[in-house]
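At position 54 of the sequence shown (counting the first as 1) the number is 522 in our numbering, and the numbers step up by one without a gap. Even glycine gets a Cβ: it sits at the ideal position worked out from N, Cα and C. What follows is a short report on a single structure.
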Amino acid sequence: MFDLLKRYTKDGWWAALLGPVFTILEVAVDAFIPLVMSSIIDKGIYEFGGDMNYIWRRGTLMILLAVLGAVFGSLSGLFSSIASTGFIRNIREAMFSKIQEFSFENIEKYPVPTIVTRMTTDMRMLRMAYVSIVRMLIRAPFNLILSAYFVFTLNPSLAKVFAFVLPILGFGLVFIFMKAHPLFRKMMVKFDALDSDLQENIEGIRVVKTFVREDHENKKFDDASKAVMDAQRRAESIVILNRPFFELVMYACMIIIAWLGGRDVIGGTMTTGNFMAYISYIRGILFALLMISNVFLQIVMAQASVDRANEILYEEPRITDKDCDPDLEVKDGSIEFRNVSFKYSDDAEKDALSDIDLSIGSGEVIGILGPTGSSKSTLVQLIPRLYDVSEGEVLVGGHNVKEYKLDKLRDAVAMVLQKNTLFSGTIEENMKWGDPNASHEQIVEACKYAQADDFIQLMPEKYETELGQGGVNVSGGQKQRLCIARALLKHPKIIILDDSTSAVDTDTDHRIQLALKEKLGGMTTIIIAQRVASVKEADRIIIMNDGMIQDIGKHDELLKRNDVYRDLYHTQMEGALE
Ligand code: ADP
Ligand code: MG
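So, in structure tokens, the structure goes:
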């Protein structure tokens, strides 16, 4: 936790410093109040026989000190609030930019809900802990030292009581820490699960409705939410023991002191005023101890969240371009796979791709067919380095993909993902993801190639039409065409369409293929498709099966020699004729 504090308080350091400074002032001022009170009793009442003048003056001093203490207290609260909000902001921003560096593999390790929880709920825990640390961790020990000093100067023999009290308290604290820490860690995991359920349900709300699964979903959410409640209760039931335990020890201590101190007063070795001040300081000490234990618990509670934030902050991006040549440009659209094998994770039993050898010339149009799960998407994801190969190498433009800066490589290789998304904003804004400097004319041109211009023109606000989050207000086929246009705007050397026209009607699909082939010649094009018609015109067609290339050739060749291809072709042609 303190390591995190050190790293992320940079720009709020003045507030982080002023908070404790005012806390110290507040404590110092407060510490004098019992002394003043003691002088009112001992001097004002007993020694000077009820000197009202003296009592008034001392009384005013006491009020002033109290007001000053309150002012310092508020200032310290204010500054620690400024510091804590700044601190949390810095951590959040650091986490966010770290996440931007994540590769697909990292993202699979930390799914969206856990990231959301870590950036919201965990940060809230952390902030609460921060505020109390700044306020209490300085205040309590300082208070403790001052009170202890006065206690020992006023009556050292009574102070022996602490020799018994302190070990008991220490033992109690350690016990609570050992019990509570793992419970808080578990609690945050339950929060992850809750957020995960929530997100899945809301994102899939349309599917939930069509399958009338509301009751099932309600039950699932109830379970998750109950699990959070239970975990929270279990964790907090340990923590709340802290206060009664402390109060028990504290009052026992007070009773012993009152008893022993009372004898001293009666015996005349201690004045009444001193005795009262003494009791105040003893209370001060015990209260300080209580606060220290509270801070301690806050740290325990926050530690689980700190760990979770650190996991993100220290996560190594699996794909980096740290040691590559910064000036290397992708010179053409040639692609080569040499002996490539690939697994999604080290402990996966089966290779998703095995022994792939493939050479694609710059400007070639390649079609890929194969049943679902035959690793078509996996194959093409290696080209823009969304994943790294497990064995062998992938070359683009004659160089291993690992030699390029990631942005250079991915600017040259545009990929329309199978699961693609648009972002909230207008159509035009979405298109600018492809090229931030694209003119309106260029955008329209790209949309014409992707056969998107026609339907955009029919929309009331044309290119200014707002897309909902994820592009919910366009149809599946329209979304696919917009995604293709967005990719075209990058003017890539290689364009990969991963099943990107599956929701587009055959006729429009055909027109997209023609536009790509005729108007954008020179660009290497890879088209993954379900329909033979979508790849029929390609220079070569790859047939994938079970992570391997089963055959590769032109339409006519495959039709002659490949049974699978021929069957597929005929079934689809018959389907089209009916
Ligand atoms: P296709 O695109 O041909 O339908 P994919 O390339 O998507 O097939 O998937 C190939 C295999 O890899 C499947 O068995 C699938 O379960 C697995 N797979 C795909 N994506 C992942 C992933 N992110 N993590 C682990 N396994 C995956
Ligand atoms: Mg796929």
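Name the DSSP beta bridge partners of residue i, please?
i: Val676; result: According to DSSP, Val676 bridges with nothing at all.
i: Glu934; result: Thr894
i: Arg1008; result: Ile834
i: Asp1019; result: Ile1011
i: Ser809; result: Glu859
i: His867; result: Val864
i: Ile996; result: Ile836 and Asp966
i: Val884; result: Leu965
i: Ile508; result: Its beta-bridge partners do not exist; DSSP assigns none.
i: Ser664; result: The partner list for Ser664 (beta bridge, DSSP) is empty, contrary to what the question assumes.
i: Ser827; result: Glu804
i: Leu758; result: In DSSP, Leu758 forms no bridge with anything.
i: Leu1111; result: For residue 1111 there is no data in the structure shown, the boundaries of the chain being 469 and 1046.
By Cβ distance, which residues of its chain are closer than 8 Å to residue i, with the 5 residues on each side in sequence left out?
i: Lys958; result: Asp879, Ala882, Gly902 and Asp903
i: Ala695; result: Lys658, Ala661 and Leu662
i: Leu533; result: Val497, Asp498, Phe500, Ile501 and Val504
i: Leu796; result: His867, Glu871, Tyr872, Lys873 and Lys876
i: Ile725; result: Leu626, Val629, Tyr746, Ile747 and Ile750
Would you say residue i touches ligand 1, meaning its beta carbon is less than 6 Å from a heavy atom?
i: Tyr812; result: yes
i: Ser858; result: no
i: Ala820; result: yes
i: Ser571; result: no
i: Lys1002; result: Note on residue identity: the sequence assigns Ser, not Lys, to residue 1002. Incorrect: Ser1002 has no Cβ contact closer than 6 Å to ligand 1.
Starting from the C-beta of residue i, find all residues in its chain whose C-beta is less than 6 Å away, skip the five residues before and the five after it, and write them out in chain order.
i: Glu929; result: none
i: Arg1034; result: Leu1027
i: Arg475; result: none
i: Ala699; result: Lys654, Met655 and Lys658
i: Thr477; result: Ala484 and Phe555
i: Ile962; result: Gly801, Val881 and Thr992
i: Gly537; result: Glu494, Val497 and Asp498
i: Leu472; result: Val774
i: Gly990; result: Gly831
For residue i, I'd like the list of residues in its chain whose CB is within less than 7 Å of its CB, leaving aside the five on either flank, ordered along the chain.
i: Glu1046; result: For Glu1046, the predicted model reports a pLDDT of 49, less than 50, meaning its position is unreliable; a value from the coordinates is still stated below. Result list for Glu1046: empty, nothing under 7 Å.
i: Arg776; result: Arg586, Asp590 and Met656
i: Glu913; result: none
i: Ile706; result: Ile644, Lys647, Ala648 and Leu651
i: Asp1014; result: Ser842
i: Phe610; result: Ile492 and Val495
i: Leu754; result: Met718 and Cys721
So is the beta-carbon of residue i under 6 Å away from any non-hydrogen atom of ligand 4?
i: Ser842; result: In the structure on display, ligand 4 does not appear, and the ligands it does have are ligand 1 and ligand 2.
So that I know if they touch, is there some Cβ in chain C lying closer than 7 Å to that of residue i?
i: Asn868; result: Here there is only one protein chain, and chain C is not present.
- [ ] Could you name the residues whose beta carbon sits closer than 7 Å to any heavy atom belonging to ligand 2, keeping them in chain order?
- [x] Screening all residues for a C-beta within a distance smaller than 7 Å of any heavy atom in ligand 2 leaves Thr840, Lys844, Ser845, Gln886, Asp966, Asp967 and Ile996, in chain order.
Open item on the list: Across the segment 550-566 and the segment 611-618, are there enough close Cβ pairs to call them in contact, namely three or more that are closer than 8 Å?
Closed with: Segment contact: the segment 550-566 against the segment 611-618, fewer than three CB-CB distances shorter than 8 Å; contact not assigned.
Task: Three-pair Cβ contact test at 8 Å for the segment 762-774 versus the segment 593-606 - done: These segments touch.
Task: the segment 756-769 / the segment 813-824 touching (three or more Cβ pairs under 8 Å) - done: Two segments are said to touch when three or more pairs of C-beta atoms, one from each, lie closer than 8 Å; by this definition the segment 756-769 does not touch the segment 813-824.
- [ ] Tell me, please, whether the segment 666-676 touches the segment 742-759 by the rule of three or more beta-carbon pairs shorter than 8 Å.
- [x] With the rule of 3 Cβ pairs closer than 8 Å, the segment 666-676 does not count as touching the segment 742-759.
TODO: Report yes or no: do three or more beta-carbon pairs, one from the segment 633-641 and one from the segment 677-696, lie closer than 8 Å?
DONE: Contact fails: fewer than three Cβ-Cβ distances are below 8 Å.
Task: Contact between the segment 975-987 and the segment 860-870 (3+ Cβ pairs under 8 Å) - done: A contact is defined here as three or more CB-CB pairs under 8 Å, and the segment 975-987 fails this definition with respect to the segment 860-870.
- [ ] Check whether the segment 599-607 touches the segment 491-501, counting contact only when three or more Cβ pairs, one atom from each stretch, lie closer than 8 Å.
- [x] They touch, by the three-pair rule.
Task: Segment contact, 8 Å Cβ cut-off, at least three pairs: the segment 777-787 with the segment 565-580 - done: With the cut-off at 8 Å, the segment 777-787 and the segment 565-580 touch.
Open item on the list: Between the segment 933-952 and the segment 868-875, can you find at least three pairs of beta-carbon atoms closer than 8 Å?
Closed with: The segment 868-875 is not in contact with the segment 933-952.
TODO: Answer yes if the segment 828-841 comes into contact with the segment 883-895, meaning at least three C-beta pairs across the two stretches below 8 Å, and no otherwise.
DONE: By the criterion of at least three beta-carbon pairs nearer than 8 Å, the segment 883-895 is not in contact with the segment 828-841.
- [ ] Take every Cβ of the segment 674-684, pair it with every Cβ of the segment 642-651, and state whether three or more of those distances are shorter than 8 Å.
- [x] Touching, no.
Open item on the list: Measuring CB atoms only, is the segment 756-765 touching the segment 836-846, in the sense that at least three cross pairs come out at less than 8 Å?
Closed with: With a cut-off of 8 Å, the segment 836-846 and the segment 756-765 do not count as touching, because too few Cβ pairs lie within range.
Task: Three-pair Cβ contact test at 8 Å for the segment 736-743 versus the segment 803-814 - done: With a cut-off of 8 Å on Cβ pairs, the segment 736-743 is not in contact with the segment 803-814, counting fewer than three such pairs.
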